[in-house]
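Sequence order for the protein chains is A and F. Taking the numbering used here, the leading residue of the first sequence gets 1, the next gets one more, and so forth. Taking the numbering used here, the leading residue of the second sequence gets 1, the next gets one more, and so forth. Virtual Cβ for every residue (Gly too), placed ideally from N, Cα, C. As the structure is a prediction and not an experimental result, all values here were calculated from the model. Written below as structure tokens is the structure these notes are about.
Number of protein chains: 2
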Amino acid sequence: MAGSIQSVERAAAVLRLLAGGERRLGLTDVASALGLAKGTTHGILRTLQQEGFVEQDDASGKYQLGAELLRLGNSYLDVHELRARALVWTDDLARASGESVYLGVLHQQGVLIVHHVFRPDDSRQVLEVGAMHPLHSTALGKVLTAFDPVAHREALELERERFTPRTVTAADELEGVLDLTRARGWAADLEETWDGVASVAAPVHDRRRMPVGAVGITGAVERVCEDGEIRARLVAAVRDCARAVSRDLGGGRF
Amino acid sequence: MAGSIQSVERAAAVLRLLAGGERRLGLTDVASALGLAKGTTHGILRTLQQEGFVEQDDASGKYQLGAELLRLGNSYLDVHELRARALVWTDDLARASGESVYLGVLHQQGVLIVHHVFRPDDSRQVLEVGAMHPLHSTALGKVLTAFDPVAHREALELERERFTPRTVTAADELEGVLDLTRARGWAADLEETWDGVASVAAPVHDRRRMPVGAVGITGAVERVCEDGEIRARLVAAVRDCARAVSRDLGGGRF
DNA sequence: GTTCGGCGGTCGACAATGTCGAACACCGGA
DNA sequence: TCCGGTGTTCGACATTGTCGACCGCCGAAC
């Protein structure tokens, strides 16, 4: 039995399908999307529902993701060592920079946000923990792509979507950006992902000097930039934070 | 095939086990905890790992929850209708009350926090989305227990832990509290869960008048209370917010 | 009101599937 | 070097999940 367990694989596929589609999906939708018999699909859905991973709307009979996933996802964060070490430093960074702080790790073909500190003002902000950001256009993504070989391969193999006129999509151009990132130890995103939004990020290393994640700040380009470049003060603050977290990861274990 | 799919059930049990234990677990630990053969357990873990639901520490070989769960949990929030409707109102409530706002739904034997607005000041706060709160001692929990028959049964069947000297654990005493809650339409928690912390909450109903969740605020007892009671202004603000969300969901007309 | 098409859900036969336990390779400590 | 422990692989067995036809239901169409 060298392979994987079929039914578990299929259950995972169901969950991923439900996560993708914005609205609820019916039994028949799920079955046809996965190419399974209705009976089989129903069995999987019934089990997932029983376990709390999937919920069914009483009225329409359609299925959606369940609350248990949120609870488990939260448990993942509790165990996450990088996040635990970074909590205090990212808070300081938000205070010092006056911008939102993000902590991301490589996951599949993107950056998974595992921590997010709101910009310290009263503005209305949406929490982005659990969200995915692209590798080739965000500061976090560029840092991971530059320092993590796995991320590098993913970013090159992947189709690089153009989000704004400034998004870098050509492979050779991206390589140049990554070289620059490696050389100076940080990366920027100047309106390459969202119009009017810029970000800076620096890598976090573990005790073996392997890249495990990236921290960065994101904010309106008018505040974060000066003369078309990220303010040096902010770059320094981000790099200080990344170094502090890296030091914490290298020291305190065992 | 009226039952559930065994392997999916077992995979869910593995995930729940990993979520429970604080630190990573080894293959043998998981196998013995679930009463399964090592080979079987390994197959499940291998599949879950392949799907990203579980990660394995290269050094120790031990297993922990994976990043994909965080991503799926986040997707759950995106679909969540109650949360979407509540976003704007809870923000206003935080501003008006000056305290943290929580939005919770019944999940298993507790309250699952699906939205959390930080207290609008610069203090350091931990995001609690995805966390579980007890039914019998928190304001959110009491509201759900009072208005949702399912929650009511859970709370009575469950062993009610004593968190502080003021926690209500006796069944008949709790019933009295629930009667009061139903009568006045809101519930309070005066240092019954955490010392020095008080909270108020009110129920959110859907279009069929069924309770679907609860909103509430939580804060230091010195700020939230006056003469040993919740400030009337805060109670009114919370109830207004709950009514507003209910109205948005298509519920009450007033 | 009645028909019809689609929905979610069920059932039972079949064999593909996952399970089990023994055996494996590997590591660290004694 | 040995040992006890780990995670991992393997093959025989029968349990288990799969499939597709079938059922009852609901809402739209007419």
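Nearest-angstrom Cα separation, counted from residue j out to residue i
i: F:Gly21; j: F:Ala13; result: 12 angstroms
i: F:Thr164; j: F:Leu174; result: 15 angstroms
i: F:Phe254; j: F:Arg243; result: At F:Phe254 the pLDDT is 34, less than 50, meaning the model places this residue with poor confidence; the figure from the coordinates comes in the next sentence. One C-alpha to the other measures close to 8 angstroms.
i: F:Glu55; j: A:Val79; result: 11 angstroms
i: F:Pro211; j: A:Tyr63; result: 20 angstroms
i: A:Gly98; j: F:Leu25; result: 40 angstroms
i: F:Arg119; j: F:Ser32; result: 44 angstroms
i: F:Ala171; j: F:Leu17; result: 30 angstroms
i: A:Gly35; j: A:Arg10; result: 10 angstroms
i: A:Ile5; j: F:Val245; result: 43 angstroms
i: F:Gly43; j: A:Leu15; result: 20 angstroms
i: A:Gly176; j: A:Ala139; result: 14 angstroms
i: F:His205; j: A:Arg46; result: 27 angstroms
i: A:Leu77; j: A:Asp148; result: 22 angstroms
i: A:Gly252; j: A:Val114; result: Annotation note: pLDDT 40 at A:Gly252 (below 50); position unreliable, coordinate value reported separately. Each residue's Cα considered, the two are about 21 angstroms apart.
i: F:Gly3; j: A:Glu68; result: 20 angstroms
i: F:Pro134; j: F:Leu158; result: 10 angstroms
i: A:Ala259; j: A:Leu70; result: This structure leaves residue 259 of chain A out entirely; chain A is present only between 1 and 254.
i: F:Phe53; j: A:Met132; result: 16 angstroms
i: F:Gln49; j: F:His136; result: 37 angstroms
i: F:Arg233; j: F:Ala183; result: 19 angstroms
i: F:Arg195; j: A:Asp121; result: In the sequence as displayed, the identity of residue 195 of chain F is Asp instead of Arg. Near 29 angstroms, if we compare the C-alpha coordinates of A:Asp121 and F:Asp195.
i: A:Asp248; j: F:Thr167; result: 39 angstroms
i: F:Leu156; j: F:Arg209; result: 23 angstroms
i: F:Asp227; j: A:Ala237; result: 46 angstroms
i: F:Ile230; j: A:Gln125; result: 28 angstroms
C-beta contact flag for residue i and residue j at 7 angstroms
i: F:Val30; j: F:Thr41; result: yes
i: F:Gly73; j: A:Gly185; result: no
i: F:Val221; j: F:Ala198; result: yes
i: F:Val143; j: F:Ala214; result: yes
i: A:Gly250; j: A:Arg207; result: yes
i: A:His116; j: A:Leu127; result: yes
i: A:Val111; j: A:Gly66; result: no
i: F:Val8; j: A:Ser75; result: no
i: A:Leu93; j: A:Cys225; result: no
i: A:Thr145; j: A:Leu178; result: yes
i: F:Gly219; j: F:Val200; result: no
Where residue i falls: helix, strand or coil (DSSP)
i: A:Gln56; result: strand
i: A:Pro149; result: helix
i: F:Ile44; result: helix
i: A:Val129; result: coil
i: A:Thr218; result: strand
i: A:Glu173; result: helix
i: F:Glu226; result: strand
i: F:Arg237; result: The sequence shown places Ala at residue 237 of chain F, rather than the Arg named in the question. F:Ala237: helix per DSSP, three-state reduction.
i: F:Ala187; result: strand
i: A:Ser246; result: helix
i: A:Leu103; result: strand
i: F:Leu25; result: strand
i: F:Val168; result: coil
i: F:Ala201; result: strand
i: F:Gly213; result: strand
i: A:Arg109; result: In the sequence as displayed, the identity of residue 109 of chain A is Gln instead of Arg. Here A:Gln109 sits in coil by DSSP.
i: A:Leu156; result: helix
i: A:Leu135; result: coil
i: A:Leu36; result: coil
i: A:Arg253; result: Any reading at A:Arg253 must be qualified, since the residue scores a pLDDT of 37, below 50, and its modelled position is unreliable; the value itself is stated next. Coil, per DSSP.
Residue i, buried or exposed, once every other Cβ within 10 Å from all chains shown has been counted against 16
i: F:Glu161; result: exposed
i: A:Ser60; result: exposed
i: A:Arg58; result: Before going on, a small fix: residue 58 of chain A reads as Asp here, not Arg. By the 10 Å Cβ count, A:Asp58 comes out exposed.
i: F:Ala19; result: buried
i: F:Val235; result: buried
i: A:Thr28; result: exposed
i: F:Asp91; result: buried
Heavy atom of the ligand HEM within 6 angstroms of residue i beta-carbon
i: A:Val215; result: With respect to the ligand HEM, the structure shown offers nothing to examine, as it has no ligands at all.
Answer yes if the segment 146-161 of chain A comes into contact with the segment 99-119 of chain F, meaning at least three C-beta pairs across the two stretches below 8 angstroms, and no otherwise. no
Indicate whether the contact test is met: 3 or more Cβ pairs, each with one atom in the segment 178-195 of chain F and one in the segment 75-95 of chain F, closer than 8 angstroms. In the pairwise beta carbon analysis, the segment 178-195 of chain F is classified as not touching the segment 75-95 of chain F: fewer than three pairs are separated by under 8 angstroms.
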